[in-house]
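Engineer:
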Amino acid sequence: MPRLPRAFFARPTLVVARELLGQRLVCLRNGRRLSGLIAEAEAYIGENDLACHARVGRTPRNEVMYGPPGYAYVYFTYGLHWMLNCVTERDGFPAAVLLRVIVPDGGVEIMRRLRGQAPEARLANGPAKLTQALGIDGELDGHDLCARGAKLFIERAALPPDSRIIARPRVGLGDTPEPWKSKAWNFRWLISD
DNA sequence: AGCACGATTAACT
DNA sequence: GTTAATCGTGCTC
């Protein structure tokens, strides 16, 4: 299957977040292939978005978000969790899509080893579970998802129809001010009937 | 140098 | 519904 090229990510973040649904996230780990279909993603767009890490301006932590599209922005939070994002838009504009949920479809036994016993559907149904299931941590911050030989990339797969996608407010924003807190920038693929 | 808190999760009541 | 775990980051002093 072809991999998503940089041009895919070099577009408005809301479009990228929406079109990442259904695509296959792949991580190559010790020669093994771990993968899953992206089922939930959400957009963080620029310094004006008060929920985005770029709200404080350019810092060492969010530096990758300011760079060119098609790179992984991986950050650490809550003292124990890693989060995986895909950088979007043009070089110099800080924006990214947080990958929140994948449905495992390859390398499930290895994911179970990394995550512990869990039903397949709950192996990677959260942003921190996803990174744990794939063995992703800060070493992949700044990784080029579009490079030949990338360890982490996204394969083209079928795009879900609009009727199976819902948009809702982003998760876990706490005291983020309006209107940012309520913007429906989280996209979810309704898989089950 | 010190501090409050976070794009979360699992294990509780 | 509530809470502890746990530490890098950015802000204040």
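Here the working numbering is used: the first residue of the first sequence is 58, the next is one more, and so on.
C-beta atoms are modelled at their ideal positions from N, C-alpha and C, and glycine is treated no differently.
Apart from the five residues on each side of it in sequence, which residues of its chain come closer than 7 Å, Cβ to Cβ, to Gly114?
Structural biologist: Taken in chain order, the residues that qualify are Glu104.
Engineer: So for Ser92, helix, strand or coil by DSSP?
Structural biologist: strand
Engineer: Leaving aside the five residues before and after Asp201 along the sequence, list all residues of the same chain whose C-beta is less than 7 Å from its C-beta, in chain order.
Structural biologist: Gly127, Tyr128 and Ala207
Engineer: In angstroms, rounded to a whole number, what distance separates the CA positions of Ser239 and Pro226?
Structural biologist: 5 Å
Engineer: Pairing CB atoms from the region 162-176 with CB atoms from the region 109-123, are three or more of them under 8 Å?
Structural biologist: no
Engineer: Taking just the CA atoms, how far does Ser220 sit from Asn87?
Structural biologist: 39 Å
Engineer: Check for me: the beta strand (DSSP E) holding Glu212 runs from which residue to which?
Structural biologist: Leu209 to Glu212
Engineer: Relative to the C-alpha of Val131, which residue among Leu137, Cys143 and Lys186 is closest?
Structural biologist: Cys143
Engineer: Provide the residue(s) that pair with Cys143 in DSSP beta bridges, ordered along the chain.
Structural biologist: Ala129 and Val154
Engineer: What are the complete beta strand (DSSP E) segments, minimum 3 residues, inside the region 201-246?
Structural biologist: 209-212, 222-225 and 243-246
Engineer: For Leu171, collect the residues of the same chain with a Cβ closer than 7 Å to its Cβ; drop the 5 residues on either side in sequence, then sort them by chain order.
Structural biologist: Gln189, Ala190 and Gly192
Engineer: Going by DSSP, what residues sit across from Thr134 in a beta bridge?
Structural biologist: Residue pairing by DSSP places Thr134 opposite His138 in a beta bridge.
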